[in-house]
Amino acid sequence: MASTKNSASTTRQKVLKNKAKLSTNNKATTSTSAPKSSKSLFGGLSKELLLQIHDLMVKSRVLEERLIKIYRSGESYFWIGGTGEEAWGVCLGLLARKGQGLKYDFMHLHYRCTPTLIAMGMPMIDSIRLMMNRSTDTSTGGRNFSNHYCFPKWNVAPVTSPLEVQYPIACGTAHSQKRAGHGAISIVTGGDAGTAEGDFASSLIWSSRKGNELPVLITVQNNKWGISTSYDGQHGETHIADRAKAFNMPAKVINGNDPVETYLAIKESIDYIRKTGKPAFIEAHVSRLNGHSSATGANREPGIDCVQQFEKELIDAKFLTKDQAQSIWDKYEEEGIRATEQARTEPVPTAESIWDHTYAGSENADWRKF
Ligand SMILES: Cc1ncc(C[n+]2csc(CCOP(=O)(O)OP(=O)(O)O)c2C)c(N)n1
Ligand SMILES: [Mg+2]
C-alpha cells in the first residue's frame, strides 16, 4: 500500500496539475484551479472534520465487508457495493443538503453508494435488511438487492439496476429545483463504463442548454472497469471530464481516493452550482476493491485502499493513535454483528406483497391475464 504522506501529497499535486491542464484548454473551467488551501497537507480542513470523515469511511467499509460475509454465509443472494469508494462517497454525503422536497438536494446514486448514505446518517441495519431481503427493509421491502437504496425522506431516488438512467432523471429534479428557486441542487453518480450509454450524453445536453442551464452536479466514479472490460480499450477520450468541457461546464478530474482533495473539489463545485444555477462535472478516480460484485467472487483485489491510506496519514500526523483507530473498527464491527442478528429474526416479504407499490388493480396489474 503506497500510503505515505509524501506519496499522498504527490498524488494530490499530480491531479491538481491534471486539472490545471483541463482548465487551460477551456475558458469555462476556470473554477477548476487548485483551492488555495490544498498546499497544506490536509487542505486546511479541521481536525474534527478529518476525524469525522475517517470514522464514516471505516463505518462504511466495515458495513460492506459485513454484507460480503452475509453473502458468503448463504444468507443473501448477491452483493455489489462500494469498497474503494469511501473517500469519494463519504465527502459527497457530508456536503449534500439533506432533507425532503425541493428545498433540499436530490441524490441520484448508483449501486456503490453505501459510503454516501452512511455519511448522510443511514444506520447499518437499513443496509443489512436490504441485503438479507427482510420485509423490514425501508428502501424496497426486501425486494431488491444490496445497495439499491431509496430514501424519500432524504430525496434519495431509487438506485436502479439499468445503468445511467439516473443521469437524465437528475436533470428532471434539477429543473424543478431551478423553478422553485431555493438554491438546492441535484447530484448524480455513476460508473465510467456506463458513460457509453446515451442517457449520460443526454444529461450533458439537457443540463447545459444556453439560458436554460440546470443546477446539477454530474459525477463519474472512474474505477477503470466495467465488469471485466477495461477502460483503456473502450474510451477514445483522454478523460471522461473532457466530454463535459464540450458543453462549457467546469470539469474536474480528481483523485477520489484522497478524501481531502475530494472534499475540497466537491465543495467548490457545489458552491459554484448553488451560486450560478449552472451544472458542474467531476470525474473521480477510485478503486474497486472487491471486484465487480459477488458474480466475480467479491474477492479482495489490488488497488489503493483509501481507508487504510487516510488512517495512516492521520496516525502519522498524530491526529489519531493506532489504538483509537482500532477501537473505531471494533465499534462498527460490533454494530454490524448486532444488526445482522436482529435482521435474522425478521420476516421476508410475503408472496401477496408482490403486488404492493405496483399498478395492482389497474388493467395492467396481473401478468397472468396478458
Ligand atoms: C443498461 C445496462 N447495460 C448493462 C448492464 C449490465 N452491467 C451491470 S454493471 C455493469 C458495468 C458498469 O460499469 P461502470 O459503469 O464502470 O460501473 P462500475 O460497476 O465499475 O462501478 C454492466 C455492464 C446494466 N445493468 N444496465
Ligand atoms: Mg467502472
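Residue numbers (the numbering used here): 2 to 371.
Even for Gly, the Cβ is constructed at its ideal location relative to N, Cα and C.
Only a predicted model underlies this, so the values are computations on that prediction, with no experimental measurement involved.
Counted within 10 angstroms of its Cβ, other Cβ atoms place residue i as buried (16 or more) or exposed
| i | result |
| --- | --- |
| threonine 359 | exposed |
| isoleucine 228 | exposed |
| lysine 37 | At lysine 37 the pLDDT is 41, less than 50, meaning the model places this residue with poor confidence; the figure from the coordinates comes in the next sentence. Counting Cβ neighbours within 10 Å, lysine 37 comes out exposed, since fewer than 16 surround it. |
| proline 116 | buried |
| glutamine 426 | No answer is possible for residue 426: the residues shown for the chain start at 2 and end at 371. |
| lysine 211 | exposed |
| proline 216 | buried |
| arginine 345 | exposed |
| tyrosine 78 | exposed |
| arginine 67 | buried |
| serine 61 | buried |
| glutamate 165 | buried |
| asparagine 300 | exposed |
| arginine 130 | buried |
| glutamate 312 | buried |
| glycine 75 | exposed |
| aspartate 367 | exposed |
| lysine 370 | exposed |
| alanine 171 | buried |
| glycine 306 | This sequence places aspartate at residue 306; glycine is not what is there. By the neighbour-count rule (16 or more Cβ atoms within 10 Å), aspartate 306 is buried. |
| lysine 246 | buried |
| isoleucine 119 | buried |
| alanine 340 | buried |
| glycine 362 | exposed |
| threonine 239 | exposed |
| isoleucine 54 | buried |
| asparagine 19 | Confidence at asparagine 19 is low in this model, with a pLDDT of 44, below 50, so the placement of that residue is unreliable and no value is reported for it. |
| threonine 174 | buried |
| glutamate 1 | Since the first residue shown for the chain is 2 and the last is 371, residue 1 is missing from the structure and cannot be characterised. |
| isoleucine 271 | buried |
Contact under 7 Å by Cβ, residue i with residue j
| i | j | result |
| --- | --- | --- |
| asparagine 256 | histidine 286 | yes |
| glutamate 87 | arginine 113 | no |
| glutamate 334 | valine 63 | yes |
| tyrosine 374 | serine 295 | It is not possible to answer for residue 374, since the shown part of the chain is limited to 2 through 371. |
| isoleucine 329 | aspartate 127 | no |
| glycine 82 | asparagine 145 | no |
| tryptophan 226 | arginine 289 | yes |
| lysine 179 | glutamine 101 | no |
| phenylalanine 282 | methionine 250 | yes |
| threonine 190 | threonine 161 | no |
| isoleucine 241 | glutamate 284 | yes |
| phenylalanine 320 | lysine 48 | yes |
| leucine 265 | glycine 44 | yes |
| leucine 96 | isoleucine 316 | no |
| isoleucine 274 | leucine 205 | no |
| phenylalanine 248 | serine 209 | yes |
| glutamate 269 | methionine 125 | no |
| valine 1 | methionine 58 | There is simply no residue 1 to check, as the chain begins at 2 and stops at 371 in what is shown. |
| asparagine 134 | glycine 142 | no |
| asparagine 1 | threonine 84 | No information on residue 1 is available, as it lies outside the stretch 2 to 371 that the chain covers here. |
| asparagine 263 | tryptophan 80 | The amino acid occupying residue 263 in the given sequence is threonine; asparagine does not appear at that position. No. Outside cutoff. |
| serine 203 | proline 169 | yes |
| leucine 103 | serine 177 | yes |
Residues bridged to residue i (per DSSP)
| i | result |
| --- | --- |
| methionine 125 | Looking at the DSSP assignment, methionine 125 forms no beta bridge with any residue, so it has no partner. |
| isoleucine 219 | Val189, Phe282 |
| lysine 253 | Ile283 |
| methionine 108 | Val157, Ile188 |
| serine 231 | Trp226 |
| phenylalanine 152 | Val157 |
- Query: Using 8 Å as the Cβ pair cut-off and three pairs as the minimum, do the stretch 348-358 and the stretch 125-145 touch?
  - Reply: yes
- Message: For the structure I just gave you, are there three or more beta carbon pairs, one from the stretch 257-266 and one from the stretch 177-195, closer than 8 Å?
- Response: no
- Message: Beta-carbon distances below 6 Å to any heavy atom of ligand 2 define the shell here; list its residues in chain order, please.
- Response: Gly192, Asp193, Ala194, Asn224, Trp226, Gly227
- Would the stretch 274-282 and the stretch 100-108 be scored as touching if the rule is three or more Cβ pairs under 8 Å? The count of Cβ pairs closer than 8 Å, one atom from the stretch 274-282 and one from the stretch 100-108, stays below three, leaving the stretches out of contact.
- Message: If contact is defined by three or more beta carbon pairs under 8 Å, each pair taking one atom from either stretch, is the stretch 178-189 in contact with the stretch 238-255?
- Response: no
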